[in-house]
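K.L.:
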Amino acid sequence: MQVQTRVDVFESIFQVFLALGTLVGVVVIAYTLYNAYKYRDSDDAKADDSLPTLGELPTGGEGGKKLFLSFGISAIIVISLVIWTYGMLLYVEDPQEDFEEEPVDIEVVGNGFAWSFEYENGAVERGTMTVPEDHPVAIQVTSGDVWHSFGVPDLRVKADAIPGEYDETWFIADDADAEHRIQCFELCGDQHTQMDGTVQVLPEDEFEGWLDERLNVEIEFEDPDGEPINETGELELELELVHVDNDEYEEDLEYSYTDEDFENNTISIEDIEQGGDYNLTIEFENEEFETVEDEISVTSPTSETYTLGESDEEETEEDENDDDEEANDSDDGGEN
Ligand SMILES: [Cu+2]
4 MQVQTRVDVF ESIFQVFLAL GTLVGVVVIA YTLYNAYKYR DSDDAKADDS LPTLGELPTG
64 GEGGKKLFLS FGISAIIVIS LVIWTYGMLL YVEDPQEDFE EEPVDIEVVG NGFAWSFEYE
124 NGAVERGTMT VPEDHPVAIQ VTSGDVWHSF GVPDLRVKAD AIPGEYDETW FIADDADAEH
184 RIQCFELCGD QHTQMDGTVQ VLPEDEFEGW LDERLNVEIE FEDPDGEPIN ETGELELELE
244 LVHVDNDEYE EDLEYSYTDE DFENNTISIE DIEQGGDYNL TIEFENEEFE TVEDEISVTS
304 PTSETYTLGE SDEEETEEDE NDDDEEANDS DDGGEN
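Residue numbers (this note's numbering): 4 to 339.
(1) Alpha carbon to alpha carbon, what distance is there between GLN277 and LYS161?
(2) Drop a sphere of 10 angstroms on the beta-carbon of GLU316, count the other beta-carbons inside from all chains shown, and report buried for 16 or more, exposed for fewer.
(3) In this structure, how does DSSP classify ALA179 when only helix, strand and coil are distinguished?
(4) Indicate the three-state DSSP secondary structure (helix, strand or coil) for PRO304 in the structure shown.
(5) Using 10 angstroms around the beta-carbon of GLU318, count the other beta-carbons present and answer buried if the total reaches 16, otherwise exposed.
(6) From what residue to what residue does the beta strand (DSSP E) around VAL245 run?
(7) Taking 8 Å as the cut-off, is the beta-carbon of HIS246 closer than that to any non-hydrogen atom of ligand 1?
(8) Does the Cβ of GLU14 have 16 or more other Cβ atoms within 10 Å, making it buried, or fewer, making it exposed?
(9) Alpha carbon to alpha carbon, what distance is there between GLU128 and GLU241?
(10) PRO231 to TYR252, Cα distance in whole Å?
(11) From the DSSP output, which residues share a beta bridge with ARG184?
(12) Below 8 Å, can you find three or more Cβ-Cβ pairs linking the region 198-213 to the region 159-179?
(13) Taking buried to mean at least 16 other C-beta atoms within 10 Å of its own C-beta, is PHE153 buried or exposed?
(14) According to DSSP, is TYR89 helix, strand or coil?
(15) Mind reading off the beta-carbon distance from VAL259 to GLU239? Whole number of angstroms is fine, and I expect it under 8 Å.
(16) Tell me which residues share the same chain as THR145 and place their Cβ nearer than 8 Å to its Cβ, disregarding the 5 neighbours each side in the sequence.
(17) If you check the beta carbons only, do PRO139 and PHE116 fall under 9 Å apart?
(18) With hydrogens ignored, establish whether the beta-carbon of GLU189 is closer than 8 Å to any heavy atom of ligand 1.
(19) DSSP state of ASN282, grouped into three classes?
(20) Can you list, in chain order, the residues of its chain whose CB lies under 6 Å from that of ALA179, leaving out five sequence neighbours each side?
(21) What do you reckon, is the C-beta of SER152 under 8 Å from a heavy atom of ligand 1?
(22) Along the beta strand (DSSP E) that carries ASP157, what are the first and last residues, could you check?
(23) Looking only at C-alpha atoms, which of GLU291, LEU283, GLU223 sits nearest to SER271?
(24) Would the beta-carbon of VAL245 fall within 9 Å of that of GLY125?
(25) Using 8 Å as the threshold, is the region 212-227 in touch with the region 275-291, meaning 3 or more CB pairs across them?
(26) Rounded to whole angstroms, how far is the Cβ of TRP173 from the Cβ of PRO227, which I believe are closer than 8 Å?
(27) Tell me the DSSP secondary structure of GLN143 in three-state form.
(28) Is the separation between the beta-carbon of GLU225 and that of THR310 shorter than 9 Å?
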């Protein structure tokens, strides 16, 4: 069986209830009208023993057969509806074993009237949650401050965001390139109504590429006057990136590069596999420039520009900017 999305499930529950409700309504009203017509007042009313007389309670005639039949049919309809709906909701609550693929895990954090999304590789997005098409997404929702509630009406998703707790749910978006609105469904403060966002759906192969690019780092140098250093190929250096929590990961999260990886005093690092904070060290072979030491946060495309001071000067400035689309995208989160 094809894995059903939440939208499919709730759509079929709605359709079945609508169809049965319509059927029952038509039967009841038609039968009422039929009887009203059949037993209408007419001059040549025949004597009919089964008809109630004025003041007598109707038995339904024929020893209560009709009564039994209508109760029986109603009971069958109601009980099978309850069982079927319950089964559907059990699937919504715990569909894991029906998934053929591993779901994409995303941690959703509501904080100060904005949502942020952390992926398994450590990439963090704010405001926009990017997900693959036709692929189960498992979300763990929590809050950094007060109670919020994460909801995407289009996808029939809602989960409470409570500090210190994780509310888990899932969804499948089956429409590539669509955008779905995220809203907060818990009155959480004066900017509650602006606490929204977007779910962006990418074709599955594009999603993988997108996720990898999230951890790209670009580093360039400039001289103290803000001009690019024009010594292409002449700088001899060694650049090292070491994950701050290196010991906690199985693989070694250490990356090193030399001047050969630079082009025009710029290096584009694309092979980082785990996001987070990295200690950066740049050592210059001939000690013509001071060693650069910094801690950078690799959670979204980052570019760093380092001003290289001559080694006899005590000056190492750094300039950090984040070239992500969101202007308020910052590395440490939590504020705003
Ligand atoms: Cu909120």
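For every residue, glycine included, the Cβ atom is placed at its ideal position computed from N, Cα and C.
P.N.:
For this structure:
(1) As a position in the sequence shown, residue 161 is number 158, starting the count at 1. As a position in the sequence shown, residue 277 is number 274, starting the count at 1. Cα-Cα distance, rounded: 29 Å.
(2) Taking the sequence shown and counting its residues from 1, the one referred to as residue 316 is at position 313. Since pLDDT at GLU316 reaches only 45, below the 50 mark, its modelled position is unreliable, and no value is offered.
(3) As a first step, residue 179 is located in the sequence shown; it is residue number 176 there, counting from the start. Of the three classes helix, strand and coil, the one that applies to ALA179 here is coil, per DSSP.
(4) Walking along the sequence shown from the start, residue 304 turns up at place 301. In the structure shown, PRO304 sits in coil (DSSP, three-state: anything other than H, G, I, E or B).
(5) For the purposes of this step, residue 318 is identified with residue 315 of the sequence shown, where counting begins at 1. Note that GLU318 scores a pLDDT of 43, beneath 50, so its modelled location is shaky; the value from the coordinates is reported in the next line. Taking all protein chains shown into account, GLU318 has fewer than 16 neighbouring C-beta atoms within 10 Å of its C-beta and is therefore exposed.
(6) Indexing the sequence shown from 1 puts residue 245 at position 242. Counting along the chain, the beta strand (DSSP E) containing VAL245 begins and ends at 240-246.
(7) Reading the sequence shown from its first residue, position 243 is the one you call residue 246. Answer for HIS246: no, Cβ out of range of ligand 1.
(8) Residue mapping note: residue 14 aligns to position 11 of the sequence shown, counting from 1. So GLU14 counts as exposed.
(9) On the sequence shown, residue 241 is found 238 positions in, with the first residue counted as 1. On the sequence shown, residue 128 is found 125 positions in, with the first residue counted as 1. Distance between the alpha carbons of GLU241 and GLU128: 31 Å.
(10) Taking the first residue of the sequence shown as 1, we reach residue 231 at position 228. Taking the first residue of the sequence shown as 1, we reach residue 252 at position 249. Their backbone Cα atoms lie some 37 Å apart in a straight line.
(11) Locating residue 184 in the sequence shown gives position 181, counting from the first residue. Note: ARG184 is bridge-paired with THR201 in the DSSP secondary-structure output.
(12) Touching, yes, given that three or more Cβ pairs across the two stretches are closer than 8 Å.
(13) For the purposes of this step, residue 153 is taken as residue 150 along the sequence shown, with counting starting at 1. Result: buried.
(14) The count along the sequence shown starts at 1 and reaches residue 89 at position 86. Helix.
(15) Here residue 259 refers to the residue found at position 256 when the sequence shown is read from its first residue. Here residue 239 refers to the residue found at position 236 when the sequence shown is read from its first residue. Before going further, note that residue 259 is Ser rather than Val in the sequence given. Contact doesn't hold; Cβ gap of about 14 Å is too wide.
(16) For the purposes of this step, residue 145 is taken as the residue at position 142 of the sequence shown. Same-chain partners within the cutoff: GLU110, VAL111, VAL112, GLY113, ALA164, ILE165, PRO166, GLY167, GLU168, TYR169, ASP170.
(17) Working through the sequence shown from its first residue, we reach residue 139 at position 136. Working through the sequence shown from its first residue, we reach residue 116 at position 113. Not a contact, by the Cβ cut-off of 9 Å.
(18) Counting from 1 along the sequence shown, the entry for residue 189 is found at position 186. Result yes, Cβ under 8 Å from ligand 1.
(19) As a working mapping, residue 282 is identified with position 279 in the sequence shown. It is a strand residue.
(20) On the sequence shown, residue 179 is found 176 positions in, with the first residue counted as 1. Excluding residues within five positions, the ones whose Cβ falls inside 6 Å are GLU136, VAL204, PRO206.
(21) For the purposes of this step, residue 152 is identified with residue 149 of the sequence shown, where counting begins at 1. It does: the Cβ of SER152 is within 8 Å (strictly closer) of some heavy atom of ligand 1.
(22) The sequence position of residue 157 within the sequence shown is 154, counting from 1. Where ASP157 is concerned, there is no enclosing beta strand (DSSP E), given that its DSSP letter is neither H nor E.
(23) Here the question's residue 271 lines up with position 268 in the sequence shown. When only C-alpha atoms are compared, the closest one is GLU223.
(24) Position 242 of the sequence shown, counted from the start, is the residue given in the question as residue 245. Position 122 of the sequence shown, counted from the start, is the residue given in the question as residue 125. Not a contact, by the Cβ cut-off of 9 Å.
(25) yes
(26) Locating residue 173 in the sequence shown gives position 170, where the first residue counts as 1. Locating residue 227 in the sequence shown gives position 224, where the first residue counts as 1. With 8 Å as the limit, TRP173 and PRO227 do not qualify as a contact, their Cβ atoms being about 53 Å apart.
(27) Position 140 of the sequence shown, counted from the first residue, corresponds to residue 143. If DSSP states are grouped into helix, strand and coil, GLN143 belongs with the strands.
(28) Within the sequence shown, the letter at position 222 stands for residue 225. Within the sequence shown, the letter at position 307 stands for residue 310. Result yes, Cβ atoms of GLU225 and THR310 sit closer than 9 Å.
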